[in-house]
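Chemist:
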Amino acid sequence: MTRQPRPKGDGPEAELRGDRELVHAARAGDAIAFDNLFYRYRDGIYRLGVAITKDPSAAEEIVVDTFARAHRAIERLEPDDSLRPWLYRVAVNLSYNRRPRKGVTFSSLDDGTEDLATEAETPSEAAERGERRRVVLECVDTLGPKHKVVVVLHYLNGLNLAEIAEVVEVPVGTVKSRLHYALRKLRVQLSAHPGLDFEPAALLGATGEQMKRQVR
Amino acid sequence: MRLFGPAPLPLDQRVALDAALEEAFAPLRALDANVGPSRVRAAVRWSAPESGRLHGLALLTRLSELTVAAAISALLFAGSVASITSVPADPDVSRDAVSSGEWTLNGRNALQRPIASRTSDYRTIAGDVATNAAIARRPAAPTATQAVRDSEPFAGRP
Numbered sequence: 469m470t471r472q473p474r475p476k477g478d479g480p481e482a483e484l485r486g487d488r489e490l491v492h493a494a495r496a497g498d499a500i501a502f503d504n505l506f507y508r509y510r511d512g513i514y515r516l517g518v519a520i521t522k523d524p525s526a527a528e529e530i531v532v533d534t535f536a537r538a539h540r541a542i543e544r545l546e547p548d549d550s551l552r553p554w555l556y557r558v559a560v561n562l563s564y565n566r567r568p569r570k571g572v573t574f575s576s577l578d579d580g581t582e583d584l585a586t587e588a589e590t591p592s593e594a595a596e597r598g599e600r601r602r603v604v605l606e607c608v609d610t611l612g613p614k615h616k617v618v619v620v621l622h623y624l625n626g627l628n629l630a631e632i633a634e635v636v637e638v639p640v641g642t643v644k645s646r647l648h649y650a651l652r653k654l655r656v657q658l659s660a661h662p663g664l665d666f667e668p669a670a671l672l673g674a675t676g677e678q679m680k681r682q683v684r
Numbered sequence: 030m031r032l033f034g035p036a037p038l039p040l041d042q043r044v045a046l047d048a049a050l051e052e053a054f055a056p057l058r059a060l061d062a063n064v065g066p067s068r069v070r071a072a073v074r075w076s077a078p079e080s081g082r083l084h085g086l087a088l089l090t091r092l093s094e095l096t097v098a099a100a101i102s103a104l105l106f107a108g109s110v111a112s113i114t115s116v117p118a119d120p121d122v123s124r125d126a127v128s129s130g131e132w133t134l135n136g137r138n139a140l141q142r143p144i145a146s147r148t149s150d151y152r153t154i155a156g157d158v159a160t161n162a163a164i165a166r167r168p169a170a171p172t173a174t175q176a177v178r179d180s181e182p183f184a185g186r187p
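Chains as they are written, first to last, in our numbering: chain A, 469 to 684; chain B, 30 to 187.
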């Protein structure tokens, strides 16, 4: 993964322009306005694609496909609505519709590049942090698609419940429920790991089935 | 209908989970995409639909192709059907040339004139027949009889 310098098109002037203004300008044929929209949402869609597909090259294709669709649909987009939920909805659908490449398996969301010790922590602390991160991401991977996308959109992309509801096209209450059950399941799974300092599942009000699963 | 769902997570546990998830997603949150808008433009350009003018031209071309194909098919079909259903007509024997015996039946039961005949045109045949008939009807002219004597070897010659 290479870090890119901040693009010139997304400068302070572009940040001042809202999505609505940029969409209007892009409709009028302003390529720079469309580029500003691209730079504004490119990284978030890329991270979402990596989190779901676990394939960086597939995530790049998802970014390109998402904005290609946005370019074609720019005339039909309602400028009153925020562009972000629409883009994320397209990206989520593309990510789940993309078939995994044959012979290529990605074991975890974490590539291990962040496990190196920093100046503020010892190598053992860095290793412990990396292990904890790996376990959490493995638990996230075990969630179902409906719950996983809510967790990823909330904790990775920083969308609030209303925006997630707009992305996945369900009521806000459903999003809240899915997030709640996802966190409960994560909590139960993380409690099963002895190295992590999580409370046992019995204290969480877990259901009987979850308790049996954990005992097993 | 469930009246009593599972209890919500206590706040401290929710905070601990939030912290764990924030920490787990931190490396992913630091990722940047290595794609530019040029790739989007290329994708849009490659998948762009045809313009209306080009679409109309293509439609016209396709229509003309279909018309030509239909015409050729109809022609071939009509020819094949006609060759099956057509009955050879009775030979026309009303002409003088036919009755003169110069016509012959070929393998398809059709009258055919000999290729090497001088009477390749029926009008010539008719004219010849008429001339011959006129000559035949002409009364013979009386011929003068001259006595030829052997003593005059060149008598009677101009």
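Where is the CB? At the ideal position from N, CA and C, for every residue including glycine. Keep in mind it's a predicted model, so treat the numbers as computed, not measured.
To the nearest whole angstrom, what separates the beta carbons of B:Ala48 and A:Leu605, a pair I think is in contact under 8 Å?
Modeler: B:Ala48 to A:Leu605, Cβ: 14 Å. No contact.
Chemist: Below 7 Å CB to CB, which residues in the same chain sit around A:Ala650 once its five sequence neighbours on both sides are set aside?
Modeler: Closer than 7 Å at the Cβ level, and outside the excluded window around A:Ala650, lie Leu611, His615, Val618, Val619.
Chemist: Taking the alpha helix (DSSP H) that A:His622 falls in, what are its first and last residues?
Modeler: It is not in any alpha helix (DSSP H) - A:His622 carries neither H nor E in the DSSP assignment.
Chemist: In three-state DSSP terms, what is B:Leu140?
Modeler: B:Leu140 carries a strand assignment under DSSP once its states are collapsed to helix, strand and coil.
Chemist: Among A:Ile632, A:Ser525, A:Leu490, whose alpha-carbon lies nearest the alpha-carbon of A:Ala538?
Modeler: Nearest Cα to A:Ala538 within the set A:Ile632, A:Ser525, A:Leu490: A:Leu490.
Chemist: According to the Cβ coordinates, are B:Val73 and A:Val531 closer than 7 Å?
Modeler: no
Chemist: Spatial neighbours of A:Leu505 within its chain, please: C-beta separation below 6 Å, excluding the five flanking residues on both sides.
Modeler: Leu490
Chemist: Around the C-beta of A:Tyr514, are 16 or more other C-beta atoms found within 10 angstroms, so that it is buried, or is it exposed?
Modeler: buried
Chemist: When you check each C-beta in the stretch 631-651 of chain A against every C-beta of chain B, which residues fall closer than 9 Å?
Modeler: Ser645, His648, Tyr649, Leu651
Chemist: Taking only the alpha-carbon atoms, compute the straight-line gap between B:Ala203 and A:Phe502 and give it to the nearest angstrom.
Modeler: Examination of residue 203 of chain B is not possible in this model, given that chain B is present from 30 through 187 alone.
Chemist: What are the start and end residues of the alpha helix (DSSP H) that includes B:Ala53?
Modeler: 40-58
Chemist: Is A:Asn625 buried or exposed, if buried means 16 or more other CB atoms sit within 10 Å of its CB?
Modeler: buried
Chemist: Does any residue of chain B bring its CB to less than 7 Å from the CB of A:Asp511?
Modeler: yes
Chemist: Check whether the stretch 510-528 of chain A touches the stretch 546-562 of chain A, taking contact to mean three or more Cβ pairs, one atom from each stretch, closer than 8 Å.
Modeler: Segment contact: the stretch 510-528 of chain A against the stretch 546-562 of chain A, three or more CB-CB distances shorter than 8 Å; contact assigned.
Chemist: Between the C-alpha atoms of A:Leu635 and B:His84, what's the straight-line distance to the nearest angstrom?
Modeler: The sequence shown places Val at residue 635 of chain A, rather than the Leu named in the question. Answer to the nearest angstrom: the Cα atoms are 36 Å apart.
Chemist: Please return the same chain residues whose Cβ sits closer than 8 Å to the Cβ of B:Leu46, not counting the five positions on each side in sequence.
Modeler: Leu38
Chemist: Using only CA atoms, which one of A:Arg540, A:Pro591, A:Thr534 lies nearest to A:Gly497?
Modeler: Taking the Cα of A:Gly497 as reference, the smallest distance to any Cα among A:Arg540, A:Pro591, A:Thr534 is reached at A:Arg540.
Chemist: If we define contact as Cβ-Cβ less than 7 Å, is B:Leu50 a contact residue for chain A?
Modeler: yes
Chemist: Using the Cα positions of B:Val69 and A:Thr534, report the straight-line distance between them to the nearest angstrom.
Modeler: Approximately 9 Å, taken between the alpha carbons.
Chemist: Since B:Val69 meets chain A, which of its residues come closer than 7 Å, beta carbon to beta carbon?
Modeler: Per Cβ cutoff of 7 Å: Phe506, Val532, Phe535, Ala536, His539.
Chemist: Taking Cβ positions only, does A:Ala660 come closer than 7 Å to chain B?
Modeler: no
Chemist: Between which two residues does the alpha helix (DSSP H) carrying A:Gly598 extend?
Modeler: 591-609
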